[in-house]
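All remarks here apply to the structure that follows.
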Amino acid sequence: MQHFIFRALRGRKLVQSRAAGSTVLVAVFAAALFVTLVGGAAAAAHGVPLGTATRFAVLAGSGITNTGPTTVTGDLGTYPTTSMTGTGSLTINGTNQAGDAVTQQAKSDLVIAYKTAAGEGPTSPITADLGGQSLNPGVYNSASSIGLTGTLTLNAHGNPDAMFVFQAGSTLKTASASSVALVNGARACNVYWQVGSSATLGTGSTFRGSILAHDSITVTTGTTVYGRVLARNGAVTLDTDTIHRSACAQTHKHKGGKGHKGHKGHKGHKGHKGHGGSGSTGTAHPPKRPVGLTG
Amino acid sequence: MRGLPLTFLAALALFASTWSGPASARTAPSARVVEPNQKLAALLRGHEAFSKPNSESAPLGRVRARRPLTGERTVLPVLGARGGWLHVALPGRPNGHTGWIRQTATVPRTTRWHLVVETSSRRVTVYRSGRAIRVFKAIVGKRSTPTPHGKFFVEESIELRPSDVGAPFALALSARSTVLQEFDGGPGQIGLHGLDNVGGVLGSAVSHGCVRLADRVMRWLVGRIGPGVPVTITR
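Chains as they are written, first to last, in this note's numbering: chain W, 1 to 295; chain H, 296 to 530.
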């Protein structure tokens, strides 16, 4: 983008008269200042559209293995290898889609999402372990692996739509008891981890964000994930974990069903029953939760 | 015409801006073939849906007995039946998908209503018993967030609070946006709703995919259109 800005300015400069030279200089100076300021901060990240994979908390390519009591909030599926072991100790607050058409579509969408996340940029390089760091919204890239020992803090600076995208050329590994903390409005639903090979979350860690791994994902004992574990080709291994799919709550205010008690006046709708045939005549009901239609 | 009072002309313009008149005044809707009745199935409990009318076929997921927004009972259009199984339209993605559920724990219903949304002409035609009886101007999705085309149905009829976007009423459809996978905390669900707190000019294409109608039209619709009513969205 910066390259484009300079090219555009250069092209404009060619057609400027000398009288307009000072204007061009001001523009060039402003552009240079802009580039300097932006270059000093992390690049703005865009969202990663997960498509139908959005509903999944756990999605795998070559099977799901679970040990111990694990709770998954969100859907679960694996394809093309559809094997699942240890499902008897799984509590699924969602739907086990197995290897059905929904899973297959989600796997297809995951590939798109993975490539989108990998293509986000421009990026800010990360080389050291992320533990102890506090990062602003942006796209962060490591040509090799990403490690986390301790706590990584993601600071949204009051913007609930702030995005954080991490790109690992190879692995993502977190140490035992490590965590990803969110402050100032940062939300797990806006955090994405694109992993070039496999991800391993250490024992007893607390992880936030959606992992989009090219290969496998191993969530070791006692780990809590607020996000998704989505493996394109490999397996997902769980062990006494809690996986809670993160969905962005709506930003405008709804308070559920409160205030809807006085709807007796709508009994008047009964008068329309004669129009509708049995059962399909309309009578609107107040929502029990935020509606969130596309508007 | 010159002698007509201005107030009458203004009232006429306002009327025309929201209601295109009886469908008989328009030729296009009457050319469409809409079945006079649609069989429906109300679910008394959650059902597993399958790709074929047997439980050995591919599972398509579970259809809950009640809809998530209002808790209304789930009502699905019935497309066919075979040996104790019902071929039904299913809500959500992929758009327009269908499956088979067991007939047990369902209650048969029928509806004479059918809505047709035409995105190119930006209007909604209401059919009763196969006849077009009303045509309303609407706002449809813009180019970047189009209103999806296909055969859908009303999932839930929602009475919104005055401060809600799209108040006073919404008919949440089985359709989902082909662009927005999540929107405002929801799954990119398409609906018909009012103009309160969102606005827009009827006859335009500016929405995120939902179909916006005049408030009084929504009041008219929710008194007649309930869960399970087919909604066809075409070009």
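Backbone N, C-alpha and C fix where the C-beta goes; we use that ideal spot for every residue, glycine too.
Since this is a predicted model, take the numbers as computed values, not measurements.
- A contact between stretches requires three or more CB pairs, one per stretch, nearer than 8 Å, and the region 461-478 of chain H fails this requirement with the region 393-407 of chain H.
- Using a Cβ-Cβ cut-off of 7 Å, H/Pro-386 is close to nothing in chain W; its nearest Cβ partner there is about 12 Å away.
- W/Trp-193 and H/Ala-344 have their C-alpha atoms some 33 Å from each other.
- For the pair W/Asn-184 and W/Val-225, the Cα-to-Cα distance works out to about 20 Å.
- Taking a beta-carbon distance threshold of 8 Å, H/Gln-484 counts as an interface residue toward chain W.
- As computed with DSSP, W/Ser-179 is found in a beta bridge with W/Thr-151, W/Thr-206.
- H/Arg-359 carries a coil assignment under DSSP once its states are collapsed to helix, strand and coil.
- A distance below 8 Å between beta-carbons, with the five flanking residues on each side excluded, links W/Gly-202 to the following residues of its chain, in chain order: Lys-173, Thr-174, Ala-175, Ser-176, Ala-177, Ser-178, Thr-220, Thr-223.
- Closer than 7 Å at the C-beta level to chain H, one finds these residues of the region 98-120 of chain W: Ala-98, Asp-100, Ala-101, Val-102, Gln-105.
- The Cβ atoms of H/Ile-520 and H/Leu-355 lie no closer than 8 Å to each other.
- In this structure, the CA atom of W/Thr-81 is about 9 Å from the CA atom of W/Ile-64.
- Taking C-alpha positions only, W/Asn-159 is separated from H/Ala-337 by approximately 43 Å.
- Classified as exposed, W/Ser-89 has fewer than 16 neighbouring CB atoms from the shown chains inside 10 Å of its CB.
- In this model, H/Leu-385 and H/Gly-504 are separated by some 20 Å (Cα to Cα).
- Here W/Leu-238 is not near W/Asn-93, since their CB atoms are 8 Å or more apart.
- Contact of W/Arg-187 with chain H is not assigned, every C-beta pair being separated by 8 Å or more.
- For the 8 Å CB-CB criterion, H/Val-506 and H/Thr-420 do not form a contact.
- DSSP, read as helix, strand or coil, puts H/Ala-470 in strand.
- H/Ala-427 has its alpha-carbon roughly 17 Å from the corresponding atom of H/Met-513.
- Judged by DSSP in its simplified three-state form, W/Gln-104 adopts helix.
- Beta-carbon to beta-carbon, W/Ala-117 and W/Val-165 are separated by about 6 Å, close enough to satisfy the 8 Å threshold.
- Here H/Thr-393 has Leu-374, His-382, Val-383, Ala-384, Leu-385 as same chain residues with Cβ atoms under 7 Å from its own Cβ, once five neighbours each way along the sequence are excluded.
- Rounded to the nearest angstrom, the gap between the Cα atoms of H/Glu-413 and H/Leu-508 is 13 Å.
- In the three-state reduction of the DSSP assignment, H/Lys-347 falls in the coil class, being assigned neither a helical nor a strand state.
- Among the CB atoms of chain H, one or more fall inside 8 Å of the CB of W/Thr-95.
- A Cβ-Cβ separation of about 7 Å places W/Gly-234 in contact with W/Ala-213 under the 8 Å criterion.
- By alpha-carbon distance to W/Val-102, the top candidate from W/Arg-232, W/Phe-56, W/Thr-151, W/Thr-127 is W/Phe-56.
- Between W/Arg-187 and H/Val-526, the alpha-carbon positions lie close to 36 Å from each other.
- Here W/Ala-60 is near W/Val-236, since their CB atoms are less than 8 Å apart.
- Counting only runs of 4 or more residues that sit fully inside the region 463-519 of chain H, the alpha helix (DSSP H) segments are 510-517, in chain order.
- Interface criterion not met: the Cβ of W/Thr-174 is under 8 Å from no Cβ in chain H.
- Residue nearest to W/Leu-50 within the set W/Thr-242, W/Val-291, W/Val-229, W/Ile-243 is W/Val-229 (criterion: CA-CA distance).
- Rounded to the nearest angstrom, the gap between the Cα atoms of H/Trp-380 and H/Pro-348 is 6 Å.
- With a minimum length of 4 residues, the unbroken runs of alpha helix (DSSP H) contained wholly in the region 65-131 of chain W fall at 101-119.
- Interface with chain H (8 Å Cβ-Cβ cutoff): W/Val-191 is excluded.
- W/Asp-161 sits exposed, since fewer than 16 C-beta atoms from the chains shown fall within 10 Å of its C-beta.
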